[in-house]
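J.:
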Ligand SMILES: O=C(O)CCC(=O)C(=O)O
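Structure follows, in structure tokens:
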């Protein structure tokens with residue numbers, strides 16, 4: 358639950374707690390999503406923000422091709438995928454260091470047991486940018502037999518106006534759901550899953566440096582950034598339990614906490630929901 362001092366400045370209706378309490382595990386089991394305020398300092402966030410902004414101005418080699426038109430603002434600010442695989446670059450070193458940072462890694466361990474790193478991403482989401490329609494991450498990672506977990510780090514203050522994440526607490530108890538076509542006016546991805554019966558979306562409210570942890574079946578996504586001048590940048594990590602036996606090929610090599618590459622069996626097939634998934638990543 359949100360503490361009284363956080364009212365209005367943090368996400369309502371989910372556990373918002375420091376890592377020292379037992380609330381996080383209980384909240385994660387109940388809702389599939391918890392928020393840790395101020396896990397990264399303002400200085401750390403400023404360093405991450407500046408490094409990625411410097412890199413995107415000169416180099417898109419870390420960007421994934423989302424097929425956006427040339428005049429789309431996302432063509433200038435594409436999302437970066439797997440920057441941790443380029444530790445020779447400042448952004449890559451930062452991504453790898455924070456992927457394995459004991460503060461984040463420790464909370465993930467509390468929530469799912471010993472993990473392996475599977476993915477890093479950076480979203481710039483400038484004013485006017487479309488969001489990413491509702492989806493469930495494990496549709497893409499296909500971790501088996503347990504699911505993945507995301508650590509979503511706010512690099513700017515986040516709310517509905519700048520396209521903050523919307524989440525569906527409790528949806529981790531539902532099966533992966535087949536997506537339907539998304540509204541391409543709001544989303545740069547083409548598929549969206551419906552909100553499961555009896556559940557509803559909650560708009561996240563975060564301060565830069567907060568981290569949201571959520572289960573691989575939690576339905577989540579974001580709408581357009583409708584603010585005039587506020588970016589909504591985020592550094593996002595995915596982890597899977599060390600005991601996982603399968604993962605989609607895109608996530609190889611996995612990262613052990615001692616920085617070793619780890620390979621497990623590749624999940625086969627197109628996922629449960631077919632063609633809409635082609636070319637999409639979580
Ligand atoms: O940050 C967003 O808008 C979407 C990110 C997301 O859905 C994800 O990390 O799976």
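In the numbering used here, the protein residues as written are 358 to 639. Idealized CB from N, CA, C, for every residue including glycine.
Between which two residues does the alpha helix (DSSP H) carrying residue 410 extend?
T.: Start and end: 399 to 415.
J.: If you compare alpha carbons, which of 510, 604, 532 is closest to residue 554?
T.: Of the candidates 510, 604, 532, the one whose C-alpha sits nearest the C-alpha of residue 554 is 532.
J.: Find the nearest neighbour of residue 541 within the set 423, 442, 600, judged by alpha-carbon distance.
T.: Selected option, being the one with the closest Cα: 423.
J.: Can you tell me the Cβ-Cβ gap for residue 431 and residue 486, rounded? I've got them flagged as a contact below 8 Å.
T.: At roughly 5 Å, the Cβ-Cβ gap stays under 8 Å, so residue 431 and residue 486 are in contact.
J.: Which same chain residues, not among the five before or five after residue 573, have their C-beta less than 6 Å away from its C-beta?
T.: 494, 495, 504, 505, listed in sequence order.
J.: Compute the Euclidean distance between the alpha carbons of residue 410 and residue 512, then round it to the nearest angstrom.
T.: Residue 410 and residue 512: Cα-Cα distance of roughly 11 Å.
J.: In chain order, what residues of the same chain have a beta carbon less than 6 Å from the beta carbon of residue 594, not counting five sequence neighbours either side?
T.: Contacts found: 456, 477, 508.
J.: Can the beta-carbon of residue 436 be found less than 8 Å from the beta-carbon of residue 420?
T.: Closer than 8 Å, so yes.
J.: Taking 7 Å as the limit between beta carbons, can you name the residues of its chain near residue 440, skipping five residues before and five after?
T.: Cβ neighbours of residue 440 beyond the five flanking positions: 419, 448, 449, 452, 477, 479.
J.: Looking only at its own chain, which residues have a Cβ that is under 7 Å from the Cβ of residue 366, when we skip the five neighbours before and after it?
T.: Once the five neighbours on either side are set aside, the close Cβ partners of residue 366 are 562, 564.
J.: So, using beta-carbon positions, are residue 390 and residue 524 closer together than 8 Å?
T.: Yes, these two residues count as a Cβ contact at 8 Å.
J.: Below 7 Å, is the gap between the Cβ of residue 542 and the nearest heavy atom of ligand 1?
T.: Checking the Cβ of residue 542 against ligand 1 gives no.
J.: How close, in whole Å, do the beta carbons of residue 575 and residue 501 come, if the pair is a contact with beta carbons under 8 Å?
T.: Going by Cβ atoms, the distance from residue 575 to residue 501 rounds to 17 Å, so no, they are not a contact pair.
J.: In chain order, what are the residue ranges of uninterrupted alpha helix (DSSP H) at least 4 long that sit wholly in the region 419 to 481?
T.: Listed in chain order, they are 430 to 433, 447 to 456, 459 to 469.
J.: From residue 361 to residue 368, what does the alpha carbon distance come to, in whole angstroms?
T.: Low per-residue confidence applies at residue 361: pLDDT is 39, beneath 50, and the placement is therefore not dependable, though the value from the model is reported in the following sentence. If I take the Cα positions, the gap works out to 12 Å.
J.: Using DSSP with H/G/I as helix, E/B as strand and the rest coil, what is residue 528?
T.: In the structure shown, residue 528 sits in a helix (DSSP, three-state: H, G or I).
J.: Please go through the same chain and pick out, in chain order, the residues whose beta-carbon is closer than 6 Å to the beta-carbon of residue 560, but skip the five residues on each side of it.
T.: Cβ neighbours of residue 560 beyond the five flanking positions: 517, 523.
J.: Given that a residue counts as buried once 16 or more other Cβ atoms are within 10 Å of its Cβ, and exposed if not, what is residue 585?
T.: Looking at its Cβ environment, which holds fewer than 16 other Cβ atoms inside 10 Å, residue 585 is exposed.
J.: Could you pull the start and end residues of the alpha helix (DSSP H) that residue 497 belongs to?
T.: Per DSSP, residue 497 belongs to the alpha helix (DSSP H) from 495 to 498.
J.: Since residue 473 and residue 570 are thought to touch, with beta carbons under 8 Å apart, how far apart are those beta carbons, to the nearest angstrom?
T.: Not quite, the Cβ-Cβ distance comes to about 16 Å (not below 8 Å), so this is no contact.
J.: In the DSSP assignment, what residue or residues form a beta bridge with residue 544?
T.: Beta-bridge pairing links residue 544 to 488.
J.: Determine the direct distance from the alpha carbon of residue 400 to that of residue 537, and round the result to whole angstroms.
T.: Roughly 41 Å between the two C-alpha positions.
J.: In whole angstroms, what is the alpha-carbon distance linking residue 465 and residue 429?
T.: Distance between the alpha carbons of residue 465 and residue 429 is about 35 Å.
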